[in-house]
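First residue of the sequence shown? That's 23 in our numbering, and the numbers climb one at a time after it. A short worksheet on the structure shown next.
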Amino acid sequence: MIYFDNSSTTPIYPQALDTYIKTSQRVFGNPSSLHGLGTQANRLLQQARQQIADILEVASEEIFFTSGGTEGDNWIIKGTALAKKDYGKHLIISSVEHPAVAEACQQLAALGFEVSLAPVDQNGFVKVEQLAKLIRSDTILVSVIGVNNEVGMIQPLAEISQLLEKYPKIHFHVDAVQAIGKVPKEQWLTPRVDFATFSAHKFHGPRGVGFIYWKKGRKLTSLLAGGGQENNQRSTTENLPGIVATAKALRLYQEKIQSQPQHTRALKQALIAALNEYPKVEIFSLATSEKTAPHILCFALKGVRGEVLVHALEEKQIYISTTSACSSRKKMAGSTLSAMNVAKTVAECAVRVSLDESNTMAEVEQFMVIFNQLYQKFEKIN
(Lines of atoms letter the chains of each structure in order from A; the text may use other names.)
(Lines give C-alpha, C1' and ligand atoms only; values in the text may rest on other atoms or scores of the structure.)
Protein backbone atom coordinates (compact mmCIF):
# COMPACT_ATOMS: atom_id res chain seq x y z
CA MET A 23 0.00 0.00 0.00
CA ILE A 24 1.15 3.53 -0.80
CA TYR A 25 -0.59 6.27 1.17
CA PHE A 26 -0.21 9.65 -0.57
CA ASP A 27 -3.23 11.36 1.04
CA ASN A 28 -1.67 12.85 4.16
CA SER A 29 -3.31 16.25 3.76
CA SER A 30 -6.67 14.55 4.19
CA THR A 31 -5.58 12.84 7.38
CA THR A 32 -2.54 11.19 8.91
CA PRO A 33 -2.40 7.97 10.93
CA ILE A 34 -2.10 8.65 14.63
CA TYR A 35 1.38 8.19 16.08
CA PRO A 36 1.56 4.99 18.18
CA GLN A 37 2.89 7.04 21.09
CA ALA A 38 -0.05 9.46 20.83
CA LEU A 39 -2.50 6.56 20.67
CA ASP A 40 -0.87 5.04 23.75
CA THR A 41 -1.22 8.40 25.52
CA TYR A 42 -4.89 8.56 24.50
CA ILE A 43 -5.63 5.09 25.85
CA LYS A 44 -3.76 5.55 29.11
CA THR A 45 -5.38 8.93 29.76
CA SER A 46 -8.82 7.46 29.06
CA GLN A 47 -8.23 4.67 31.53
CA ARG A 48 -6.31 6.44 34.28
CA VAL A 49 -7.44 10.08 34.24
CA PHE A 50 -11.15 9.78 33.62
CA GLY A 51 -12.36 12.55 35.90
CA ASN A 52 -14.16 15.60 34.55
CA PRO A 53 -11.76 18.58 34.59
CA SER A 54 -14.60 20.75 35.92
CA SER A 55 -15.23 18.53 38.96
CA LEU A 56 -14.06 19.85 42.32
CA HIS A 57 -12.89 16.51 43.73
CA GLY A 58 -9.43 15.01 43.39
CA LEU A 59 -10.11 13.17 40.13
CA GLY A 60 -11.33 16.40 38.57
CA THR A 61 -8.29 18.28 39.86
CA GLN A 62 -6.02 15.63 38.39
CA ALA A 63 -7.77 15.87 35.03
CA ASN A 64 -7.66 19.67 35.02
CA ARG A 65 -3.96 19.63 35.83
CA LEU A 66 -3.30 17.39 32.84
CA LEU A 67 -5.49 19.60 30.64
CA GLN A 68 -3.51 22.71 31.56
CA GLN A 69 -0.21 20.90 31.06
CA ALA A 70 -1.25 19.98 27.52
CA ARG A 71 -2.31 23.58 26.88
CA GLN A 72 1.06 24.84 28.11
CA GLN A 73 2.98 22.35 25.98
CA ILE A 74 1.18 23.50 22.83
CA ALA A 75 1.63 27.15 23.78
CA ASP A 76 5.36 26.58 24.28
CA ILE A 77 5.68 25.10 20.79
CA LEU A 78 3.87 28.10 19.28
CA GLU A 79 5.75 30.49 21.60
CA VAL A 80 2.55 32.09 22.85
CA ALA A 81 0.86 32.34 26.25
CA SER A 82 -1.10 29.31 27.47
CA GLU A 83 -4.20 31.47 27.97
CA GLU A 84 -4.14 32.13 24.21
CA ILE A 85 -4.78 28.45 23.36
CA PHE A 86 -8.38 27.19 23.23
CA PHE A 87 -9.31 23.61 22.40
CA THR A 88 -11.87 22.71 19.73
CA SER A 89 -13.09 19.68 17.81
CA GLY A 90 -10.89 20.51 14.81
CA GLY A 91 -10.19 22.91 11.98
CA THR A 92 -13.77 23.36 10.83
CA GLU A 93 -15.03 24.36 14.26
CA GLY A 94 -12.04 26.63 14.76
CA ASP A 95 -12.59 28.44 11.48
CA ASN A 96 -16.32 28.81 12.13
CA TRP A 97 -15.75 30.06 15.66
CA ILE A 98 -13.26 32.71 14.60
CA ILE A 99 -15.21 33.88 11.53
CA LYS A 100 -18.65 33.95 13.15
CA GLY A 101 -17.36 34.92 16.59
CA THR A 102 -15.64 37.97 15.10
CA ALA A 103 -18.77 38.90 13.16
CA LEU A 104 -20.91 38.76 16.30
CA ALA A 105 -18.37 40.54 18.48
CA LYS A 106 -17.76 43.41 16.05
CA LYS A 107 -21.09 43.78 14.23
CA ASP A 108 -21.66 47.18 15.84
CA TYR A 109 -18.39 48.40 14.29
CA GLY A 110 -18.90 46.96 10.82
CA LYS A 111 -20.18 44.06 8.79
CA HIS A 112 -17.53 43.72 6.11
CA LEU A 113 -15.19 40.73 5.91
CA ILE A 114 -12.38 39.94 3.47
CA ILE A 115 -11.21 36.43 2.66
CA SER A 116 -9.01 35.12 -0.11
CA SER A 117 -10.58 33.36 -3.07
CA VAL A 118 -8.67 30.17 -2.22
CA GLU A 119 -9.90 29.50 1.31
CA HIS A 120 -10.88 26.14 2.76
CA PRO A 121 -14.66 25.52 2.62
CA ALA A 122 -14.82 25.91 6.40
CA VAL A 123 -13.95 29.59 5.97
CA ALA A 124 -15.68 30.22 2.64
CA GLU A 125 -18.99 28.64 3.61
CA ALA A 126 -19.00 30.20 7.07
CA CYS A 127 -18.76 33.55 5.30
CA GLN A 128 -21.57 32.57 2.94
CA GLN A 129 -23.77 31.96 5.98
CA LEU A 130 -22.86 35.39 7.34
CA ALA A 131 -23.65 36.97 3.97
CA ALA A 132 -27.14 35.50 4.21
CA LEU A 133 -27.48 37.30 7.56
CA GLY A 134 -26.61 40.70 6.14
CA PHE A 135 -22.82 40.75 6.34
CA GLU A 136 -20.80 41.64 3.26
CA VAL A 137 -17.91 39.44 2.13
CA SER A 138 -15.22 40.47 -0.36
CA LEU A 139 -12.90 37.99 -2.08
CA ALA A 140 -9.25 38.93 -2.48
CA PRO A 141 -8.13 37.64 -5.90
CA VAL A 142 -5.08 35.47 -6.55
CA ASP A 143 -2.63 35.29 -9.44
CA GLN A 144 -2.25 32.35 -11.83
CA ASN A 145 -0.17 30.47 -9.24
CA GLY A 146 -2.71 30.97 -6.46
CA PHE A 147 -0.97 33.68 -4.45
CA VAL A 148 -3.08 36.47 -2.99
CA LYS A 149 -2.60 39.80 -4.75
CA VAL A 150 -1.79 41.94 -1.74
CA GLU A 151 -2.27 45.22 -3.58
CA GLN A 152 -5.77 44.11 -4.59
CA LEU A 153 -6.55 43.02 -1.03
CA ALA A 154 -5.50 46.48 0.15
CA LYS A 155 -8.06 48.08 -2.16
CA LEU A 156 -10.83 46.01 -0.57
CA ILE A 157 -10.28 47.36 2.95
CA ARG A 158 -12.98 49.77 4.11
CA SER A 159 -13.83 51.69 7.24
CA ASP A 160 -16.32 48.96 8.20
CA THR A 161 -13.96 46.00 7.59
CA ILE A 162 -13.78 43.84 10.71
CA LEU A 163 -11.88 40.73 9.56
CA VAL A 164 -9.30 39.55 7.05
CA SER A 165 -8.91 35.77 6.77
CA VAL A 166 -6.20 34.17 4.63
CA ILE A 167 -5.22 30.51 4.59
CA GLY A 168 -1.56 29.98 5.51
CA VAL A 169 -0.92 27.01 3.22
CA ASN A 170 -3.56 26.25 0.63
CA ASN A 171 -4.93 22.75 1.11
CA GLU A 172 -5.42 22.02 -2.60
CA VAL A 173 -2.32 23.34 -4.35
CA GLY A 174 0.03 24.08 -1.44
CA MET A 175 1.09 27.68 -2.02
CA ILE A 176 2.30 29.58 1.04
CA GLN A 177 0.44 32.86 1.10
CA PRO A 178 2.40 36.14 1.51
CA LEU A 179 1.33 36.61 5.12
CA ALA A 180 4.29 38.82 5.97
CA GLU A 181 3.19 41.33 3.33
CA ILE A 182 -0.43 41.10 4.43
CA SER A 183 0.64 41.57 8.04
CA GLN A 184 2.59 44.67 7.09
CA LEU A 185 -0.48 46.01 5.30
CA LEU A 186 -2.73 45.33 8.29
CA GLU A 187 -0.39 47.14 10.67
CA LYS A 188 -2.12 50.26 9.35
CA TYR A 189 -5.49 48.85 10.47
CA PRO A 190 -5.01 47.65 14.06
CA LYS A 191 -8.74 47.18 14.72
CA ILE A 192 -9.20 44.61 11.94
CA HIS A 193 -9.00 40.99 13.10
CA PHE A 194 -6.49 38.92 11.13
CA HIS A 195 -7.14 35.17 10.97
CA VAL A 196 -4.90 32.49 9.45
CA ASP A 197 -6.05 28.94 8.79
CA ALA A 198 -2.81 27.15 9.70
CA VAL A 199 -4.12 23.58 9.48
CA GLN A 200 -1.81 22.64 6.59
CA ALA A 201 1.08 24.83 7.75
CA ILE A 202 2.03 23.69 11.23
CA GLY A 203 5.06 21.41 11.24
CA LYS A 204 5.58 21.76 7.49
CA VAL A 205 6.39 25.44 7.09
CA PRO A 206 8.47 27.59 9.49
CA LYS A 207 6.23 29.21 12.09
CA GLU A 208 7.50 32.68 11.20
CA GLN A 209 5.79 32.38 7.81
CA TRP A 210 2.27 31.86 9.19
CA LEU A 211 2.19 33.15 12.77
CA THR A 212 3.47 36.68 12.36
CA PRO A 213 3.12 39.14 15.26
CA ARG A 214 0.15 40.73 13.46
CA VAL A 215 -1.88 37.49 13.35
CA ASP A 216 -4.74 37.60 15.86
CA PHE A 217 -6.21 34.13 15.37
CA ALA A 218 -5.01 30.84 13.91
CA THR A 219 -6.67 27.46 13.45
CA PHE A 220 -5.18 23.98 13.90
CA SER A 221 -6.35 20.36 13.59
CA ALA A 222 -4.68 17.41 15.32
CA HIS A 223 -5.28 14.72 12.73
CA LYS A 224 -3.15 16.63 10.23
CA PHE A 225 -0.03 16.03 12.36
CA HIS A 226 -0.61 12.43 13.51
CA GLY A 227 -2.88 13.32 16.40
CA PRO A 228 -6.40 11.99 17.03
CA ARG A 229 -9.41 13.03 14.99
CA GLY A 230 -12.04 15.29 16.47
CA VAL A 231 -9.52 17.49 18.29
CA GLY A 232 -8.04 20.85 17.40
CA PHE A 233 -7.20 24.21 18.90
CA ILE A 234 -7.10 27.87 18.05
CA TYR A 235 -4.65 30.60 18.87
CA TRP A 236 -6.54 33.65 20.15
CA LYS A 237 -4.37 36.69 20.77
CA LYS A 238 -4.94 38.21 24.18
CA GLY A 239 -6.97 41.41 24.00
CA ARG A 240 -8.94 40.51 20.88
CA LYS A 241 -12.71 40.06 21.14
CA LEU A 242 -14.50 36.92 20.04
CA THR A 243 -18.05 35.85 20.83
CA SER A 244 -18.58 32.32 22.12
CA LEU A 245 -20.73 30.08 19.93
CA LEU A 246 -21.33 27.39 22.57
CA ALA A 247 -23.14 28.32 25.78
CA GLY A 248 -23.32 26.01 28.75
CA GLY A 249 -20.94 24.90 31.45
CA GLY A 250 -18.30 27.57 30.97
CA GLN A 251 -15.34 25.43 29.96
CA GLU A 252 -12.31 26.91 28.21
CA ASN A 253 -12.39 30.04 30.33
CA ASN A 254 -16.12 30.39 29.63
CA GLN A 255 -15.48 30.62 25.89
CA ARG A 256 -16.35 27.10 24.66
CA SER A 257 -18.82 25.23 26.79
CA THR A 258 -18.60 21.46 26.53
CA THR A 259 -16.76 18.86 28.57
CA GLU A 260 -13.20 18.75 27.29
CA ASN A 261 -11.97 15.73 25.35
CA LEU A 262 -9.08 15.22 27.74
CA PRO A 263 -7.61 12.04 26.21
CA GLY A 264 -7.74 13.63 22.76
CA ILE A 265 -6.21 16.89 23.97
CA VAL A 266 -3.34 15.19 25.79
CA ALA A 267 -2.70 12.96 22.75
CA THR A 268 -2.73 16.07 20.54
CA ALA A 269 -0.03 17.70 22.63
CA LYS A 270 2.00 14.49 22.46
CA ALA A 271 1.64 14.23 18.69
CA LEU A 272 2.55 17.87 18.14
CA ARG A 273 5.69 17.51 20.26
CA LEU A 274 6.74 14.47 18.25
CA TYR A 275 5.93 16.19 14.97
CA GLN A 276 7.86 19.33 15.86
CA GLU A 277 10.93 17.26 16.70
CA LYS A 278 11.13 16.45 12.99
CA ILE A 279 10.66 20.02 11.76
CA GLN A 280 14.26 20.19 10.53
CA SER A 281 14.23 16.94 8.55
CA GLN A 282 10.62 16.25 7.55
CA PRO A 283 10.04 19.20 5.16
CA GLN A 284 13.32 18.54 3.34
CA HIS A 285 12.41 14.87 2.98
CA THR A 286 8.92 15.48 1.61
CA ARG A 287 10.14 18.23 -0.70
CA ALA A 288 12.69 15.85 -2.23
CA LEU A 289 9.88 13.38 -2.90
CA LYS A 290 7.68 16.12 -4.34
CA GLN A 291 10.40 17.37 -6.66
CA ALA A 292 11.07 13.83 -7.87
CA LEU A 293 7.37 13.44 -8.66
CA ILE A 294 7.26 16.77 -10.49
CA ALA A 295 10.30 15.86 -12.58
CA ALA A 296 8.76 12.51 -13.52
CA LEU A 297 5.28 13.87 -14.23
CA ASN A 298 6.68 16.63 -16.43
CA GLU A 299 7.62 13.95 -18.95
CA TYR A 300 3.96 13.34 -19.77
CA PRO A 301 2.43 15.74 -22.33
CA LYS A 302 -1.10 15.43 -20.97
CA VAL A 303 -0.11 16.20 -17.38
CA GLU A 304 -0.50 19.75 -16.11
CA ILE A 305 1.11 20.56 -12.76
CA PHE A 306 -0.34 23.34 -10.63
CA SER A 307 1.98 23.20 -7.59
CA LEU A 308 5.25 25.09 -7.91
CA ALA A 309 8.51 23.31 -7.10
CA THR A 310 10.20 26.37 -5.56
CA SER A 311 10.98 25.84 -1.89
CA GLU A 312 10.28 29.28 -0.47
CA LYS A 313 6.78 29.78 -1.87
CA THR A 314 5.09 26.39 -1.65
CA ALA A 315 4.61 23.80 1.06
CA PRO A 316 6.85 20.75 0.73
CA HIS A 317 4.12 18.14 1.03
CA ILE A 318 1.35 19.06 -1.45
CA LEU A 319 1.38 18.36 -5.19
CA CYS A 320 -1.64 19.09 -7.37
CA PHE A 321 -1.77 18.03 -11.00
CA ALA A 322 -4.22 17.02 -13.70
CA LEU A 323 -4.14 14.25 -16.26
CA LYS A 324 -6.08 16.07 -18.94
CA GLY A 325 -8.97 14.09 -20.34
CA VAL A 326 -9.31 11.89 -17.24
CA ARG A 327 -11.58 13.08 -14.45
CA GLY A 328 -9.92 13.26 -11.07
CA GLU A 329 -12.14 10.66 -9.42
CA VAL A 330 -11.44 8.21 -12.26
CA LEU A 331 -7.69 8.46 -11.68
CA VAL A 332 -8.17 8.24 -7.91
CA HIS A 333 -10.11 4.99 -8.20
CA ALA A 334 -7.76 3.56 -10.84
CA LEU A 335 -4.83 4.10 -8.47
CA GLU A 336 -6.86 2.73 -5.57
CA GLU A 337 -7.19 -0.58 -7.44
CA LYS A 338 -3.39 -0.74 -7.25
CA GLN A 339 -3.49 0.14 -3.52
CA ILE A 340 -2.23 3.68 -4.08
CA TYR A 341 -4.25 6.30 -2.24
CA ILE A 342 -4.49 9.94 -3.28
CA SER A 343 -7.45 12.35 -3.40
CA THR A 344 -9.08 14.74 -5.80
CA THR A 345 -8.44 18.25 -4.47
CA SER A 346 -9.67 18.85 -0.91
CA ALA A 347 -10.88 15.70 0.84
CA CYS A 348 -13.41 17.86 2.67
CA SER A 349 -15.15 18.66 -0.61
CA SER A 350 -14.28 15.62 -2.76
CA ARG A 351 -17.65 13.97 -2.28
CA LYS A 352 -19.42 17.15 -3.40
CA LYS A 353 -18.17 16.35 -6.92
CA MET A 354 -17.15 19.92 -7.61
CA ALA A 355 -14.03 21.24 -9.30
CA GLY A 356 -11.52 22.71 -6.88
CA SER A 357 -12.39 26.28 -5.96
CA THR A 358 -8.68 27.08 -5.77
CA LEU A 359 -8.10 26.07 -9.38
CA SER A 360 -11.13 28.06 -10.45
CA ALA A 361 -9.70 31.12 -8.68
CA MET A 362 -6.43 30.49 -10.54
CA ASN A 363 -8.40 30.67 -13.82
CA VAL A 364 -7.80 27.02 -14.65
CA ALA A 365 -10.36 25.85 -17.20
CA LYS A 366 -13.19 23.86 -15.64
CA THR A 367 -12.55 20.89 -17.93
CA VAL A 368 -8.96 20.74 -16.65
CA ALA A 369 -9.83 21.45 -13.00
CA GLU A 370 -12.23 18.50 -13.05
CA CYS A 371 -9.22 16.30 -13.82
CA ALA A 372 -7.16 17.55 -10.88
CA VAL A 373 -5.85 15.27 -8.15
CA ARG A 374 -3.74 15.90 -5.07
CA VAL A 375 -0.77 13.93 -3.82
CA SER A 376 0.16 14.82 -0.24
CA LEU A 377 3.30 13.47 1.36
CA ASP A 378 4.57 12.76 4.85
CA GLU A 379 7.67 11.67 6.73
CA SER A 380 6.72 7.99 6.33
CA ASN A 381 6.75 8.11 2.53
CA THR A 382 9.83 6.98 0.63
CA MET A 383 11.55 7.48 -2.71
CA ALA A 384 10.81 3.83 -3.47
CA GLU A 385 7.11 4.63 -3.14
CA VAL A 386 7.52 7.56 -5.52
CA GLU A 387 9.17 5.27 -8.05
CA GLN A 388 6.44 2.65 -7.67
CA PHE A 389 3.78 5.36 -8.03
CA MET A 390 5.31 6.45 -11.32
CA VAL A 391 5.44 2.86 -12.60
CA ILE A 392 1.71 2.47 -11.97
CA PHE A 393 0.94 5.97 -13.24
CA ASN A 394 2.77 5.19 -16.49
CA GLN A 395 0.69 2.05 -16.95
CA LEU A 396 -2.52 3.99 -16.39
CA TYR A 397 -1.37 6.81 -18.66
CA GLN A 398 -0.83 4.34 -21.50
CA LYS A 399 -4.21 2.74 -20.79
CA PHE A 400 -6.06 6.06 -20.85
CA GLU A 401 -4.20 7.05 -24.03
CA LYS A 402 -5.65 4.03 -25.81
CA ILE A 403 -9.16 4.71 -24.52
CA ASN A 404 -9.07 8.37 -25.50
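Glycine included, each C-beta is placed from N, C-alpha and C at the ideal position. Since the model is a prediction, treat every value here as computed from it, not as a measurement.
Exercise for review: Using three-state DSSP, classify ILE403 as helix, strand or coil.
Suggested key: helix
Review point. Do you know how far the Cα of LEU156 is from the Cα of LYS191?
Key: 15 Å
Practice item. Name the one or two DSSP bridge partners that THR88 has. Key: According to DSSP, THR88 bridges with GLY232.
Point to revise | Continuous beta strand (DSSP E) assignments of at least 3 residues falling wholly in the region 188-233 | key: Complete beta strand (DSSP E) runs here, min 3: 193-197, 217-221.
Practice item. Measure the C-alpha to C-alpha separation of SER380 and SER29 and round it to an integer number of angstroms. Key: 13 Å
Point to revise | For ALA322, the first and last residue of its enclosing beta strand (DSSP E) | key: Element bounds for ALA322: 318-323.
Exercise for review: Between the Cα of GLN140 and those of ASN363, ILE182, GLN152, spot the shortest distance and give me the residue it belongs to.
Suggested key: The question names Gln, but residue 140 is Ala in the sequence shown. Per the Cα distances, GLN152.
Review point. In angstroms, rounded to a whole number, what distance separates the CA positions of PHE135 and ILE403?
Key: 49 Å
Point to revise | Expected contact under 8 Å - CB spacing of PHE217 and TYR235 to nearest Å | key: 6 Å
Check your understanding: Considering only residues of the same chain and omitting the five flanking positions on each side of TYR109, which have a CB-CB separation below 8 Å?
Key -> ASP160, ILE162, LYS191
Check your understanding: Is DSSP giving GLU83 helix, strand or coil here?
Key -> helix
Review point. Counting pairs of beta carbons, one from the region 223-243 and one from the region 264-284, are three or more of them closer than 8 Å?
Key: Yes, they touch.
Check your understanding: If you count every other CB in all the chains shown that lies within 10 Å of the CB of THR61, and 16 or more means buried, which is it?
Key -> exposed
Check your understanding: Within the chosen definition, does the region 269-285 reach the region 63-77 through at least 3 CB pairs nearer than 8 Å?
Key -> yes
Review point. Can you tell which of ARG229, LEU319, ALA372 has its C-alpha closest to the C-alpha of THR92?
Key: ARG229
Exercise for review: Check whether the Cβ atoms of GLU187 and ARG374 sit closer than 8 Å, and answer yes or no.
Suggested key: no
Exercise for review: Let me know the secondary structure DSSP gives GLU125 once reduced to three states.
Suggested key: helix
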